[in-house]
(Lines of atoms letter the chains of each structure in order from A and count residues from 1; the text may use other names and numbers.)
(Lines give C-alpha, C1' and ligand atoms only; values in the text may rest on other atoms or scores of the structure.)
Protein backbone atom coordinates (compact mmCIF):
# COMPACT_ATOMS: atom_id res chain seq x y z
CA UNK A 1 0.00 0.00 0.00
CA UNK A 2 1.49 3.22 -1.15
CA UNK A 3 0.88 6.31 0.89
CA UNK A 4 0.56 9.67 -0.85
CA UNK A 5 2.12 12.68 0.86
CA UNK A 6 -0.46 15.07 2.25
CA UNK A 7 0.23 18.46 0.75
CA UNK A 8 -0.78 21.48 2.75
CA UNK A 9 -1.09 23.79 -0.27
CA UNK A 10 -1.47 22.38 -3.77
CA UNK A 11 -0.29 23.90 -7.05
CA UNK A 12 -3.55 25.87 -7.44
CA UNK A 13 -3.10 27.63 -4.08
CA UNK A 14 -5.80 25.66 -2.28
CA UNK A 15 -5.44 24.59 1.33
CA UNK A 16 -5.75 20.79 1.65
CA UNK A 17 -7.02 20.80 -1.93
CA UNK A 18 -10.31 22.37 -0.89
CA UNK A 19 -9.93 25.98 0.35
CA UNK A 20 -8.19 28.84 -1.37
CA UNK A 21 -5.45 30.45 0.76
CA UNK A 22 -6.83 33.93 0.02
CA UNK A 23 -10.24 32.87 1.33
CA UNK A 24 -8.70 31.67 4.59
CA UNK A 25 -6.67 34.89 4.91
CA UNK A 26 -9.80 36.98 4.29
CA UNK A 27 -11.76 35.01 6.92
CA UNK A 28 -8.98 35.52 9.48
CA UNK A 29 -8.87 39.28 8.84
CA UNK A 30 -12.66 39.46 9.09
CA UNK A 31 -12.66 37.61 12.43
CA UNK A 32 -9.90 39.87 13.78
CA UNK A 33 -11.86 42.97 12.74
CA UNK A 34 -15.03 41.68 14.41
CA UNK A 35 -13.13 40.90 17.62
CA UNK A 36 -11.43 44.31 17.63
CA UNK A 37 -14.73 46.10 17.01
CA UNK A 38 -16.43 44.19 19.80
CA UNK A 39 -13.69 44.98 22.32
CA UNK A 40 -13.65 48.67 21.37
CA UNK A 41 -17.42 49.03 21.63
CA UNK A 42 -17.70 47.07 24.86
CA UNK A 43 -15.13 49.36 26.53
CA UNK A 44 -17.73 52.07 27.01
CA UNK A 45 -19.92 50.69 29.73
CA UNK A 46 -23.60 51.40 29.93
CA UNK A 47 -23.78 51.68 33.70
CA UNK A 48 -23.92 55.16 35.16
CA UNK A 49 -23.19 56.51 38.60
CA UNK A 50 -23.99 59.96 39.99
CA UNK A 51 -20.94 62.21 40.34
CA UNK A 52 -20.46 65.75 41.59
CA UNK A 53 -17.48 67.60 40.21
CA UNK A 54 -16.13 71.03 41.11
CA UNK A 55 -14.95 73.54 38.53
CA UNK A 56 -12.65 76.34 39.70
CA UNK A 57 -13.07 79.63 37.84
CA UNK A 58 -10.18 81.94 38.67
CA UNK A 59 -9.88 85.69 39.06
CA UNK A 60 -13.24 87.02 37.83
CA UNK A 61 -15.01 90.20 38.80
CA UNK A 62 -17.49 89.68 41.61
CA UNK A 63 -20.49 90.60 39.46
CA UNK A 64 -19.62 87.71 37.09
CA UNK A 65 -20.57 85.22 39.80
CA UNK A 66 -24.02 86.80 40.27
CA UNK A 67 -25.02 84.82 37.16
CA UNK A 68 -24.35 81.42 38.73
CA UNK A 69 -27.78 79.93 39.52
CA UNK A 70 -28.27 76.64 41.33
CA UNK A 71 -30.47 74.27 39.34
CA UNK A 72 -29.43 75.49 35.88
CA UNK A 73 -28.49 72.89 33.28
CA UNK A 74 -24.91 72.89 32.05
CA UNK A 75 -23.63 71.88 28.60
CA UNK A 76 -20.13 71.40 27.24
CA UNK A 77 -19.11 74.62 25.52
CA UNK A 78 -17.39 72.74 22.69
CA UNK A 79 -19.49 69.61 21.99
CA UNK A 80 -22.81 71.08 23.23
CA UNK A 81 -23.58 67.81 25.04
CA UNK A 82 -25.27 67.98 28.47
CA UNK A 83 -22.86 67.64 31.38
CA UNK A 84 -25.11 68.06 34.42
CA UNK A 85 -26.68 70.79 36.51
CA UNK A 86 -25.36 73.28 39.05
CA UNK A 87 -25.91 72.09 42.64
CA UNK A 88 -23.61 74.38 44.59
CA UNK A 89 -21.43 77.45 44.48
CA UNK A 90 -18.88 79.20 46.67
CA UNK A 91 -16.29 81.90 46.16
CA UNK A 92 -13.27 83.33 47.91
CA UNK A 93 -11.07 86.35 47.29
CA UNK A 94 -8.85 85.90 44.25
CA UNK A 95 -5.12 85.60 44.71
CA UNK A 96 -2.69 86.65 42.06
CA UNK A 97 1.06 86.15 41.79
CA UNK A 98 3.23 89.02 40.65
CA UNK A 99 6.96 89.19 40.23
CA UNK A 100 8.68 92.41 41.27
CA UNK A 101 12.29 93.08 42.21
CA UNK A 102 13.15 89.42 41.59
CA UNK A 103 10.64 88.25 44.20
CA UNK A 104 7.21 86.68 43.90
CA UNK A 105 4.39 88.50 45.67
CA UNK A 106 0.86 87.31 46.30
CA UNK A 107 -1.79 89.98 46.30
CA UNK A 108 -5.58 90.03 46.28
CA UNK A 109 -7.09 92.19 43.53
CA UNK A 110 -10.11 94.20 44.67
CA UNK A 111 -13.53 93.14 43.40
CA UNK A 112 -12.15 89.84 42.04
CA UNK A 113 -12.89 86.33 43.28
CA UNK A 114 -12.20 82.69 42.53
CA UNK A 115 -15.43 80.72 42.16
CA UNK A 116 -16.09 77.04 42.77
CA UNK A 117 -19.11 75.67 40.89
CA UNK A 118 -20.36 72.20 41.87
CA UNK A 119 -22.03 70.30 39.04
CA UNK A 120 -23.93 67.04 39.44
CA UNK A 121 -24.07 64.61 36.52
CA UNK A 122 -24.54 60.97 35.64
CA UNK A 123 -21.20 59.52 34.56
CA UNK A 124 -20.78 56.45 32.38
CA UNK A 125 -18.34 54.00 33.91
CA UNK A 126 -15.78 52.98 31.27
CA UNK A 127 -13.04 51.66 33.53
CA UNK A 128 -10.69 53.34 34.36
CA UNK A 129 -12.55 56.47 33.27
CA UNK A 130 -15.74 58.24 34.26
CA UNK A 131 -17.31 59.74 31.15
CA UNK A 132 -19.44 62.87 31.49
CA UNK A 133 -20.92 63.99 28.18
CA UNK A 134 -18.82 61.26 26.48
CA UNK A 135 -15.61 62.94 27.70
CA UNK A 136 -13.34 61.56 30.45
CA UNK A 137 -13.65 63.59 33.65
CA UNK A 138 -10.30 63.98 35.40
CA UNK A 139 -9.01 66.31 38.11
CA UNK A 140 -6.98 69.07 36.47
CA UNK A 141 -8.91 68.88 33.20
CA UNK A 142 -9.55 72.23 31.55
CA UNK A 143 -13.25 72.66 30.75
CA UNK A 144 -15.36 75.18 28.89
CA UNK A 145 -18.98 75.01 30.03
CA UNK A 146 -22.19 76.96 29.47
CA UNK A 147 -25.24 77.26 31.66
CA UNK A 148 -28.44 79.06 30.76
CA UNK A 149 -26.99 82.39 31.95
CA UNK A 150 -23.20 81.99 32.06
CA UNK A 151 -20.18 80.81 30.08
CA UNK A 152 -17.54 79.24 32.33
CA UNK A 153 -13.92 78.38 31.72
CA UNK A 154 -11.93 76.67 34.42
CA UNK A 155 -10.37 73.51 35.77
CA UNK A 156 -11.86 70.46 37.47
CA UNK A 157 -10.56 70.52 41.05
CA UNK A 158 -12.59 67.73 42.61
CA UNK A 159 -14.76 64.73 41.74
CA UNK A 160 -17.05 63.12 44.31
CA UNK A 161 -18.80 59.78 43.88
CA UNK A 162 -19.76 56.71 45.87
CA UNK A 163 -16.80 54.34 45.45
CA UNK A 164 -19.02 51.34 46.22
CA UNK A 165 -21.15 52.16 43.16
CA UNK A 166 -17.99 52.38 41.08
CA UNK A 167 -16.84 48.94 42.23
CA UNK A 168 -20.19 47.44 41.28
CA UNK A 169 -20.09 48.97 37.81
CA UNK A 170 -16.60 47.72 36.79
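In the working numbering, the protein residues as written are 76 to 245. Every residue gets a Cβ at the ideal spot worked out from N, C-alpha and C, and that includes glycine.
Please list, in chain order, all residues of the same chain as residue i whose beta carbon is under 8 Å from its beta carbon, the five residues on each side excluded.
{"i": "residue 184", "result": "134, 169, 171"}
{"i": "residue 214", "result": "231, 232, 233, 234"}
{"i": "residue 124", "result": "197, 198, 200, 205, 236, 237, 240, 241, 244"}
Excluding five sequence neighbours on each side, which residues of the same chain lie with their C-beta closer than 6 Å to the C-beta of residue i?
{"i": "residue 221", "result": "150, 152"}
{"i": "residue 162", "result": "193, 195"}
{"i": "residue 127", "result": "193, 195, 235"}
Residues in the same chain with beta-carbon distance under 7 Å from residue i, minus the five sequence neighbours each way, listed in chain order, please.
{"i": "residue 131", "result": "189, 191, 229, 230, 232"}
{"i": "residue 179", "result": "172"}
{"i": "residue 225", "result": "142, 143"}
{"i": "residue 156", "result": "150, 208, 209"}
What residue does the beta strand (DSSP E) around residue i start on, and which one ends it?
{"i": "residue 221", "result": "217-222"}
{"i": "residue 178", "result": "178-182"}
{"i": "residue 173", "result": "171-175"}
{"i": "residue 228", "result": "226-236"}
Going by DSSP, which residues form a beta bridge with residue i?
{"i": "residue 191", "result": "131, 165"}
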